[in-house]
Every structure is written in structure tokens, then in C-alpha cells.
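Chains as they are written, first to last, in numbering that gives the first Met the number 0: chain A, 0 to 90; chain B, 0 to 232. Note that the Cβ used here is the ideal one computed from N, Cα and C, for glycine as well. Let me begin by presenting the structure, written as C-alpha cells, before commenting on it.
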Amino acid sequence: MSVGHVQRAIESAGIPTVGVYVSAFGHVPAQMGVARALITPHPMGRPMGAPGDAERHLAVVRHALSLLERDTDQVIESFPDGYRPHSPTTV
Amino acid sequence: MAEPTLETVREFADSFFYGSRSNLDMKFLRDLSPTEVGDFFEGLLQHLATTLDDGDAGRLVDHVIEWQRHAYTAHLDGKAAFAYDDVPRAAMSKPLSNARVALITSSGHFVDGADPQPLGVVDMTQEEAERRVGEFLREAPTLSDIPVDTPPSHLRVRHGGYPVTAAKSDHNVNLPLDALQALQREGMIGEVHHTARSFVGATSQLRLREGVAPEWAEILRAEQVDAVLLVPV
């Protein structure tokens, strides 16, 4: 909820925003009326992906930022790929 | 051995929520009914038994994520404390490829030497933050400035509301500085704003909404930020 309030305040000040929410809080963007949100199927505390999974972090941020240029009142999308724990030994 | 204690399923589940078995990855158990708690553990143990043979722990991970989601979404029943019908929305004033993009996360990160000292405590531990999370929920949050070129070894994270283990091992799980800088190099965004910000999301929602969040928005406007990536934990 905290970020929902911050997101609304920043939009109200004239700056576009996008939030990345884990699926456990996937209901928050619609409930709180935030302009743009990407929902990731990741566990709480790791909205970008597993530690060390730089490829996933980049894909999530890229997807989220792309929503900034959508010309719709509210856009809430889900990241398409499932969570993948990252083992340092598989780097 | 201590005398065995008769414990209800309710008490057992609740003990993971800041209780005797506190585990912030599993604190969602408090939000499940006793029957659901049984279903969660039955499924977990079935998956574990299968994993004994094939070693594929992915199903355990998926099981936990699915029940986290279920726990936080299945019992809302109109209980939402903050629900709004309107959608404040600003449009991009320039192409993303020319835009200055700022990052704000509720992760509880700060830079070594600039501890926000929550509740007036110097060098508060993660354990104390978890124990005193109820006090955090009554206070206004503090915004910590994080220069985007801060060496990872100078980053600290402390937050009583979520498991910080992953964020400690890699800040990018909820403070995605590396990805933003990569997208600047690639040209998708014009530039990463020089200062990222973090606060502890376990905070007074009313103080945040009424006073703090509008002040933060004004700071970003004064700094001529064109767009903001927000990361709740």
C-alpha cells in the first residue's frame, strides 16, 4: 500500500510512474488506482527476481518501463515468465 | 526435552508471524484458515516427497509463491483499508529515450554512514526492526538518498516487514540499479536520475499519504525527473 500512495502522489504532481508488484500484492494496483503496474510472479521481497538473476531483473525493468509510453488511463500487466531461483553455480 | 505443548493449528500458523517461529517468508500463514494451513503443509510435504526422488525443488518454490499469493488475495472481502475509484495519471512529456528516470523502492535500503536511525535508534538491527514493526507502522517514513553510483558494499538494508535475506545478497532484487544503468547504456532511457531513494514500507499509511508522499513528489518535480520506477516489496 505504501508505494501505491507514493505512486498516486507522484502522478498527481505531473510525473508518470510505473510500479512493479509481486503477485501476492497483485490486487493493490487496481484497488488503489495506480496508473501503471507490472505484476511479477515472484516471492515477496524479490519483485525483480531471484538474487543474482541479472537477466531477469533487466527483463522486468525493461517490461515495466515500456508501460510508461502506453496511452491508456490505467495499464496493469503480468510478467509472462515464472520465478526462477538462481544458483550461483549455474552462472 | 521440554514438556510437549498442545498447540492449535491457529496458534501454530500465527507463530510464523512475528511469533516464536517468526519467518517473514512464511508470515502469510497467519492469513490462512486452519483448513488452508493444513492444505498448505499437506501439499508442501507431498512435493517434498517427490523431490526426494528427482531433486527438483522448483515445485516447492512454486507452492510457496502460490500460497503467498492466495493468502494475501483470497480473503480481502472488501477489507481494503485504502481503495480509490480514481486513477491519477500523468503522461510522458518526452520520449523515454530522452527521459530522466528515477527509482524509489520501499525496500529499506540506505547507504552505510547515513542510517536513517528509525525510532531514534542508532544501528538498529534487522531483528529489532522485526520485533518493533508495530511501532514502525505508527511513524512517518524517512526517505534515504542512494547515489546511483554507490558501491554495492556500501549499501545496507533493514526492514521489519519482509525477508531481507535476498536483498542483502543482491540489492537488485528490489533496488534494480544495475538494470536501470544497463538500459541507459542501451539507450532505452535517457538517463538514470542521480539519486535513487528507499524507505521502509512498513509505515503509517495516513502520515505517508497526507504529508510525506506529496513532499517526495515535489522533490522529484524540483529535480526535473521525467518518470519514476517504483518498487514495492
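- Rounded to whole angstroms, what's the CA-CA distance from T104(B) to Q125(B)? Just pull it up for me. Along the second sequence, one-based indexing puts residue 104(B) at 105. Along the second sequence, one-based indexing puts residue 125(B) at 126. One C-alpha to the other measures close to 18 Å.
If the criterion is Cβ atoms closer than 8 Å, does the pair A139(B) and V211(B) meet it?
Sequence index remark: in the second sequence, residue 139(B) carries index 140 (1-based). Sequence index remark: in the second sequence, residue 211(B) carries index 212 (1-based). Yes, these two residues count as a Cβ contact at 8 Å.
* Identify which residue in P46(A), E76(A), Q6(A) and A12(A) has its Cα closest to the Cα of E217(B). => For the purposes of this step, residue 217(B) is taken as residue 218 along the second sequence, with counting starting at 1. Checking every option, the nearest Cα to that of E217(B) belongs to A12(A).
(Q) Give me the residue from L64(A), A63(A) and A49(A) with the minimum Cα distance to G57(B). (A) Residue mapping note: residue 57(B) aligns to position 58 of the second sequence, counting from 1. Of the listed residues, the one whose Cα sits closest to G57(B) is A49(A).
Practice item. Report the residue from G51(A), I75(A), G81(A) and R45(A) whose alpha carbon sits nearest the alpha carbon of V17(A). Key: Counting from one through the first sequence, the residue named residue 17(A) turns up at place 18. When only C-alpha atoms are compared, the closest one is I75(A).
| task | Check whether the Cβ of S77(A) lies closer than 8 Å to any Cβ atom in chain B. | result | Taking the first residue of the first sequence as position 1, residue 77(A) is located at position 78. No, S77(A) lies away from the interface with chain B (no Cβ there is under 8 Å from its Cβ).
- prompt: Just the Cα atoms here: how many angstroms apart are L228(B) and L182(B)?
  reply: What you label residue 228(B) is simply residue 229 of the second sequence in a count that begins at 1. What you label residue 182(B) is simply residue 183 of the second sequence in a count that begins at 1. Rounded to whole angstroms, the gap between the alpha carbons of L228(B) and L182(B) is 13 Å.
Uninterrupted beta strand (DSSP E) stretches inside the region 130-208 of chain B (no shorter than 3 residues)
143-146, 154-156 and 194-197
Quiz item: Is the shortest distance between the beta-carbon of V132(B) and the beta-carbons of chain A less than 8 Å?
Solution: Locating residue 132(B) in the second sequence gives position 133, counting from the first residue. No, V132(B) does not count as interfacial toward chain A.
- Item | the region 186-220 of chain B: positions lying closer than 7 Å to chain D by Cβ | Of the protein chains in this structure, namely A and B, none is chain D.
Using DSSP with H/G/I as helix, E/B as strand and the rest coil, what is L23(B)? Within the second sequence, numbered from 1, the residue matching residue 23(B) stands at position 24. It is coil, neither helix nor strand.
May I ask whether a heavy atom of the ligand HEM can be found less than 7 Å away from the beta carbon of S21(B)? Ligands are entirely absent from the displayed structure, and the ligand HEM is therefore not among its contents.
Worksheet entry | Listed by chain order, chain B residues near H56(A) by CB distance under 7 Å | Taking the first residue of the first sequence as 1, we reach residue 56(A) at position 57. N171, P175, D177 and A178, listed in chain order.
field: Same chain only: Cβ atoms within 7 Å of D13(B), ignoring 5 sequence neighbours per side
entry: Translated into the one-based positions of the second sequence, residue 13(B) becomes position 14. The residues R29, in chain order, have a CB closer than 7 Å to that of D13(B) in the same chain once the five nearest residues on each side in sequence are set aside.
Q) Which residues in the same chain have their Cβ closer than 7 Å to the Cβ of D177(B), if we skip the five residues on either side of it in sequence? A) Here residue 177(B) corresponds to residue number 178 of the second sequence, with the count starting at 1. Closer than 7 Å at the Cβ level, and outside the excluded window around D177(B), lie N171.
**Prompt:** Going by Cα to Cα distance, which pick from H4(A), R83(A) and I14(A) is closest to D55(B)?
**Reply:** Here the question's residue 55(B) lines up with position 56 in the second sequence. Taking only the C-alpha atoms, the option nearest D55(B) is R83(A).
Separation of D84(B) from T49(B), as counted between CA atoms
Translated into positions along the second sequence, residue 49(B) becomes position 50. Translated into positions along the second sequence, residue 84(B) becomes position 85. Using only the alpha carbons, I get a separation of about 46 Å.
Review point. Which residues in the same chain as L64(A) place their Cβ atom closer than 7 Å to its Cβ, once the five residues preceding and following it in sequence are excluded?
Key: On the first sequence, position 65 is the one that residue 64(A) refers to. So the qualifying residues of the chain are V17.
With DSSP run on the structure shown, which of helix, strand or coil describes S1(A)?
Indexing the first sequence from 1 puts residue 1(A) at position 2. Of the three classes helix, strand and coil, the one that applies to S1(A) here is helix, per DSSP.
What residue ranges within the region 9-81 of chain B form continuous alpha helix (DSSP H) runs of no fewer than 4 residues, ordered along the chain?
33-53 and 57-72
Buried or exposed by the 16-neighbour rule on C-beta atoms within 10 Å, applied to N173(B):
The residue you call residue 173(B) lines up with position 174 of the second sequence. Buried: at least 16 other Cβ atoms inside 10 Å.
Does any CB atom of chain A fall closer than 8 Å to the CB of I145(B)?
Stepping through the second sequence from its first residue, residue 145(B) is reached at position 146. So no, I145(B) is outside the interface.
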